[in-house]
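Residues in the sequence shown are numbered consecutively from 1, following our numbering.
The beta-carbon is built from N, C-alpha and C at its ideal position, and this holds for glycine as well.
Computed from a prediction, not measured in an experiment: that's the story for all the values here.
See below for the structure under consideration.
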Amino acid sequence: MKAVVMAGGEGSRLRPLTSGVPKPLVPVVGKPVMEHILRLLKKHGITDVVVTLQYLGSAIRDYFGDGSDFGVDITYVVEDSPLGTAGSVKNAQEFLDEPFIVISGDALTDIDLTRVMQFHEEKGAAATIVLTSVPNPLEYGVVITNPDGTINRFLEKPSWGEVFSDQVNTGIYIVEPTVLDTMPPATVVDWSSDVFPKMLASAMPLYGFLAPGYWCDIGNIQTYYQANWDALEGRVDVEIAGERRHGNVWIGEDVEIGYDVRINGPAYIGNECKLKAGVFINGPACVGNFSVIDENTKVSNSIIWTYSYIGENSRLRQAIVCRHATIKNGCLLEEGAVIGDDVVVGEGTTIDAGVKIWPDKQIEPGSTVHESIIWAGHYKRGLFSSNGLVGLINIELTPEYCARLGASFAALFPKGAAVAAARDGQRPSRMIKRAMVAGMISSGASIIDLSELPIPVVQYYALGLRIAGAIHIQMSPLDSRSADIRMFDASGVVLDKKVERKLENLFFREDIRRVHFYEMGDITYPQDAIDSYIDGLIGLIDVEAIRQGHLKVLVDFDHGSASLVLARLFKELNIEAIPLNAGFDETYQSKTNEAFDEAR
């Protein structure tokens, strides 16, 4: 009998583990999960294997080659686009001229395939579905069988009110080649929702076999942990490399173990790992080949992939560290933290519980990371730079981030304090401002919404009313993908370094005031900000001298809010203005410095 190993899925629920690694290559106790599947097939005499590929298929081909290193003969079939669980097998029909077993390359199992094949032959089935019993069937396809094993009914991912059985579909099938003739070619087709219901309706012999043994669908981070722990604790019969020592501890070849290292099993330590003096491995835990754990570091309930480095005096608590990652000295990875490939975590950094860092990111030393980092390439410890608070729109400056920033800013002031908010005329600035306003209200501030105004008007307004502070958001003149957030105190002056540090502490520690619903502030919309600014400006200049000059000026407003102010000011001063680009355009991108240089 041949086998079809389905290895084309993206594994999106496992990201960032699968951002650069196909799901079948995700390691379980040091070996790709698909390697465990191939060894299971070989154990049951199945050595002729067809592997269906789609997502990152070249990585699977590079690792397994022709299969000879694993005792099997592999033929690869590539899907140009996803064809579904059955469509991918139909795509390999030319290689399937005898009964074959279909099995997922990203599940872990030790089910007795020989017994399944015998059942299939005894029943004369066109297809046999391997079933298993699970305590919570809500995430699976539930199947009920008649006493003779024939399928009676299917239900995909039921609610509790619909559950009629704890028997679920494992995705392992024995199929006769004639079943493939019922499927259209080059079409998205699924076994559970298309093929099997059609077979049931047409009275084709379709059977279910409730198999004893272990089965785990590695569909998310939690089941990935579970598969590794079950393998270490002997709940599933898989081959674990290395020398088995006391307490279910496996040690690979050429492992360097320093003075006073403690390993509480179950644990797997891969080949050529280095555990420096004072390291404590508190299992269950897995450490991949060639990884280094430096002095006095504690790794608990965690999985470390290959070629990674964990610095001195660090703590990992149920965390995952992927390939080639660097965790520098004194870091803390809390429960559920996931560090992607090639990430560098700076010294003294804390990665909060559940935070996921996508591959190739740089985390500044001393940071506390509260939210997953997907797009931004660099995570800054502080909020402010020499240009103020600048970030990539909807990548760094997300609505969630800006709401927390607004709440932190308002928490600098007493409850009920008035804070002004303004922006330029661009849509991203409006999004950021509204998110910050929501955060400020949640922290007890009352908002003076100045809508679209230039920064000097906002500063003057804050000074004139002696309100607690003000914010202004504008598109960055240096990068059209970024926005600048300016924050001012009661005098209309940018926050000093001391206040910036206080704001950063509130933001990163999430030590933010949350008021009762009846203490939340309101929003007012004053109309006098521009008039009071112009009145104040006119009071500082020789108006008559300017009026008598009969000046004529050419002004490029660059579609900005300055036109709202200068148009009135020019009228007061009897200046003839020739305006350019005076109208608002919410999608307009400001010219960069380079563009201005070219224009000259």
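- V565: member of the alpha helix (DSSP H) spanning 562-572, first to last residue.
- Per the coordinates, the alpha-carbon of E98 lies some 42 Å from the alpha-carbon of E253.
- Here V543 is not near I575, since their CB atoms are 8 Å or more apart.
- With respect to the C-alpha of T350, the residue from D342, V343, W358, G330 having the closest C-alpha is G330.
- Within the DSSP secondary-structure output, W215 pairs in a beta bridge with T109.
- Within the region 72-120, the beta strand (DSSP E) runs of at least 3 residues that lie entirely inside it are, in chain order, 73-78, 100-104, 107-109.
- Around Y533, the same chain offers V457, Y460 as residues with beta carbons nearer than 6 Å, after the five sequence neighbours per side are excluded.
- In the three-state scheme derived from DSSP, where H, G and I count as helix and E and B as strand, F70 is classed as helix.
- Within its own chain, no residue has a Cβ closer than 6 Å to the Cβ of L40 once the five positions on either side in sequence are excluded.
- DSSP places T170 inside the beta strand (DSSP E), whose first and last residues are 167-175.
- With contacts defined by Cβ atoms closer than 8 Å, G30 and G270 form a contacting pair.
- Residue N296 holds the alpha-carbon nearest to the alpha-carbon of I257 among Q222, I240, N296.
- Going by DSSP, I471 is part of the beta strand (DSSP E) stretching over 469-475.
- For D449 and L14, the gap between their C-alpha atoms comes out near 43 Å.
- Inclusion of I363 and G346 in the CB contact set at 8 Å is warranted, their separation being smaller than that value.
- Boundaries of the beta strand (DSSP E) around L392: 389-392.
- Taking a C-beta distance under 8 Å as the contact criterion, R317 and L333 qualify as a contact pair.
- It is roughly 15 Å from the alpha-carbon of M183 to the alpha-carbon of A201.
- A direct Cα-Cα distance of roughly 45 Å separates I541 from V515.
- Looking from the CA of G536, the closest CA among I37, M475, L463, R153 belongs to L463.
- In the DSSP assignment, R513 falls outside any alpha helix (DSSP H), carrying neither H nor E.
- The region 398-407 makes no contact with the region 495-502, as fewer than three CB pairs between them are under 8 Å.
- The closest CA to that of A86, considering only I60, P24, M6, is found on M6.
- The beta carbon of V321 sits closer than 6 Å to the beta carbons of I304, S308, I339 from its chain, once the five residues preceding and following it are set aside; these are given in chain order.
- At a Cβ-Cβ threshold of 8 Å, T114 and D73 do not count as neighbours.
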